[in-house]
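This report concerns only the one structure given below.
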Amino acid sequence: VPGTVDTCPQCLAPKAQKTIAVLGAGAMGSLFGALLSSAGNKVHLIGRNREHLDKIRKEGLLVEREGECRLYRNLQVSLPGDPLGPADLVLVLVKAGDTQGAVLENRGIFGKGTVVLTLQNGLGNMEDLAAFLPPSRILAGTTAQGARLAEPGRILHGGDGTTWIGRMEQSEDVLLRDTAALLEEAGIQTRTTGDVAALLWDKLLVNVGINGLTALTRRTNGQLLEHPDTADLLEHLVREGEAVARAKGITLLHPDPVAYAREVCRKTAHNRSSMLQDVERGRTTEIDRMNGAVVREGEILGIPTPANRTITQLVRGVMP
Ligand code: PAF
Numbered sequence: 007v008p009g010t011v012d013t014c015p016q017c018l019a020p021k022a023q024k025t026i027a028v029l030g031a032g033a034m035g036s037l038f039g040a041l042l043s044s045a046g047n048k049v050h051l052i053g054r055n056r057e058h059l060d061k062i063r064k065e066g067l068l069v070e071r072e073g074e075c076r077l078y079r080n081l082q083v084s085l086p087g088d089p090l091g092p093a094d095l096v097l098v099l100v101k102a103g104d105t106q107g108a109v110l111e112n113r114g115i116f117g118k119g120t121v122v123l124t125l126q127n128g129l130g131n132m133e134d135l136a137a138f139l140p141p142s143r144i145l146a147g148t149t150a151q152g153a154r155l156a157e158p159g160r161i162l163h164g165g166d167g168t169t170w171i172g173r174m175e176q177s178e179d180v181l182l183r184d185t186a187a188l189l190e191e192a193g194i195q196t197r198t199t200g201d202v203a204a205l206l207w208d209k210l211l212v213n214v215g216i217n218g219l220t221a222l223t224r225r226t227n228g229q230l231l232e233h234p235d236t237a238d239l240l241e242h243l244v245r246e247g248e249a250v251a252r253a254k255g256i257t258l259l260h261p262d263p264v265a266y267a268r269e270v271c272r273k274t275a276h277n278r279s280s281m282l283q284d285v286e287r288g289r290t291t292e293i294d295r296m297n298g299a300v301v302r303e304g305e306i307l308g309i310p311t312p313a314n315r316t317i318t319q320l321v322r323g324v325m326p
């Protein structure tokens, strides 16, 4: 029964229960929280969507995957600023740009031994955390898990991609290994890397090609490739980002990032990107941490990024 596992399946000894705070109760935060709680951890999901949190508090969180439904009843839910003690792990899944506010509002969950893992999209999240927290405790990564909030209390789990995590320069390897093990125990397939910058830029270039374009055209990821104009724009956006990454000395994990962005479009063909969902719900987008970040980094290095500048301005124009 999900949420009730409290012994190791191999030796039946009680598992070490960790206290985990998930900052951000969107689809991904809720999914990670549910999975981590089902492995016997004490998970606090912290978010602002009262309707969603109330539903979880009263009835549990329903996660649907390929027609199968699972109910997770052991998630604790909290509003930002609720008095909670220090967590062993804080998983940061608020929107890029909201990180510092979330840290300040929830200071109580950060103790001396707390490990902080950001799995947010875009650039600058590790740096935002390091403004308040010791860099030696900060990990960052990307996840190819797919999730969508269908309605309050109900998540659609699209797929089980790999979650990659790495550390800020000064962090200890043991933190990385232990955190990866914690995620793995919860059924989240996780790998570690020594080159977190490569990891973040690899994912960034996918978001740079897909997110702004889908938000403006209201197309699904797959539809971008069906229309020659958006397929061509996707290539321009990613190539500019690639030029900036290479000038920064980043060794991309996917040597052809355009081919990789197209592959993601095909694999997630029916997805409405996170930015398209933001625009549809009238929420602030992450454009400044994606295409906007490419423009800023390009300016520093003298690399022109006209397509990324235009898409950033257009998305800003669509959404205040
Ligand atoms: O932001 C998103 O929606 C996702 O990162 C991705 C990979 C573009 C798939 O929709």
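In full-length UniProt numbering, each residue's number is its place in the sequence shown (first place is 1) plus 6.
Glycine is no exception: its CB is placed at the ideal position from the N, C-alpha and C atoms.
Discussion item. Would you say the beta carbon of T274 is closer than 6 Å to some non-hydrogen atom of the ligand PAF?
Written reply: Residue numbering aside, residue 274 sits at position 268 when the sequence shown is read from its first letter. Because some heavy atom of the ligand PAF lies under 6 Å away, the Cβ of T274 counts as near it: yes.
Item to complete: Could you say which of L51, V100, E74, M132 lies nearest to A93 if we only look at CA atoms?
Response: Residue numbering aside, residue 93 sits at position 87 when the sequence shown is read from its first letter. Nearest option by C-alpha distance: L51.
Worksheet item: Is it the case that the CB of I309 approaches a heavy atom of the ligand PAF more closely than 6 Å?
Response: In the sequence shown, residue 309 corresponds to position 303, counting from 1. When distances are taken from the beta-carbon of I309 to the heavy atoms of the ligand PAF, even the shortest one reaches 6 Å or more.
Discussion item. According to DSSP, is E248 part of a helix, a strand, or is it coil?
Written reply: Here residue 248 is taken as the residue at index 242 of the sequence shown, counted from 1. Helix, per DSSP.
Worksheet entry | Backbone CA spacing between L219 and Q23 [nearest angstrom] | Along the sequence shown, read from residue 1 onward, the residue named residue 219 stands at position 213. Along the sequence shown, read from residue 1 onward, the residue named residue 23 stands at position 17. CA-to-CA, the gap between L219 and Q23 works out to about 43 Å.
Discussion item. Beta-carbon distances below 6 Å to any heavy atom of the ligand PAF define the shell here; list its residues in chain order, please.
Written reply: Those satisfying the condition are, in chain order, N127, V212, N213, I216, N217, N227, V270, T274, N277, S279, S280.
Worksheet item: When you compare each of T223, A265, L68, G304 to R278 by their alpha carbons, which one comes out closest?
Response: As a position in the sequence shown, residue 278 is number 272, starting the count at 1. Put simply, of T223, A265, L68, G304 the residue whose alpha carbon is nearest the alpha carbon of R278 is T223.
Worksheet item: What alpha helix (DSSP H) runs, 4 residues minimum, are completely inside the UniProt domain "Ketopantoate reductase C-terminal" (202-323)?
Response: As far as the UniProt domain "Ketopantoate reductase C-terminal" (202-323) is concerned, its whole alpha helix (DSSP H) runs of at least 4 residues are 202-223, 227-232, 234-253, 263-273, 280-286, 297-307.
Worksheet entry | Residues of its chain near T169, where Cβ-Cβ distance is below 8 Å and the 5 sequence neighbours each way are ignored | Stepping through the sequence shown from its first residue, residue 169 is reached at position 163. Here the set comprises L125, G147, T148, T149, A150, Q151, L189, I194, Q195, T196, R197.
Worksheet item: What distance in whole Å lies between the Cβ atoms of L129 and L210, which are believed to be in contact at a cut-off of 8 Å?
Response: Reading the sequence shown from its first residue, position 204 is the one you call residue 210. Reading the sequence shown from its first residue, position 123 is the one you call residue 129. Approximately 6 Å separates the beta-carbon atoms of L210 and L129; this is inside 8 Å, confirming the contact.
Discussion item. Taking the beta carbon of L18 as the centre, do at least 16 other beta carbons fall within 10 Å, making it buried, or is it exposed?
Written reply: If you number the sequence shown from 1, residue 18 lands on position 12. At L18, the pLDDT of 48 sits below 50, so the modelled position is not reliable and the matter cannot be decided from this model.
Discussion item. Strictly by DSSP, which residues pair up with G172?
Written reply: Within the sequence shown, the letter at position 166 stands for residue 172. Beta-bridge pairing links G172 to A146.
Discussion item. Distance check for T311 and E246, CA to CA, integer angstroms please.
Written reply: If you number the sequence shown from 1, residue 246 lands on position 240. If you number the sequence shown from 1, residue 311 lands on position 305. C-alpha separation (whole angstroms): 6 Å.
Practice prompt. With a 10 Å radius around its C-beta and 16 neighbouring C-beta atoms as the bar for buried, classify G164 as buried or exposed.
Written response: Start at 1 with the first residue of the sequence shown, and residue 164 comes out as number 158. By the neighbour-count criterion, in which a residue is buried when 16 or more other Cβ atoms sit within 10 angstroms of its Cβ, G164 is buried.
Worksheet entry | Burial state of V250 (16 or more Cβ within 10 Å) | If you number the sequence shown from 1, residue 250 lands on position 244. Label assigned to V250: buried.
Worksheet item: Which residues in the same chain as P8 place their Cβ atom closer than 6 Å to its Cβ, once the five residues preceding and following it in sequence are excluded?
Response: Along the sequence shown, read from residue 1 onward, the residue named residue 8 stands at position 2. Low per-residue confidence applies at P8: pLDDT is 39, beneath 50, and the placement is therefore not dependable enough to give any value.
Worksheet entry | Classification of A40 by the beta-carbon crowding that lies within 10 angstroms, buried from 16 upward | Position 34 of the sequence shown, counted from the first residue, corresponds to residue 40. Buried, by the Cβ-count rule.
Discussion item. When you compare the CB positions of V100 and L29, do they come within less than 7 Å of one another, or not?
Written reply: Here residue 100 refers to the residue found at position 94 when the sequence shown is read from its first residue. Here residue 29 refers to the residue found at position 23 when the sequence shown is read from its first residue. Yes, these two residues count as a Cβ contact at 7 Å.
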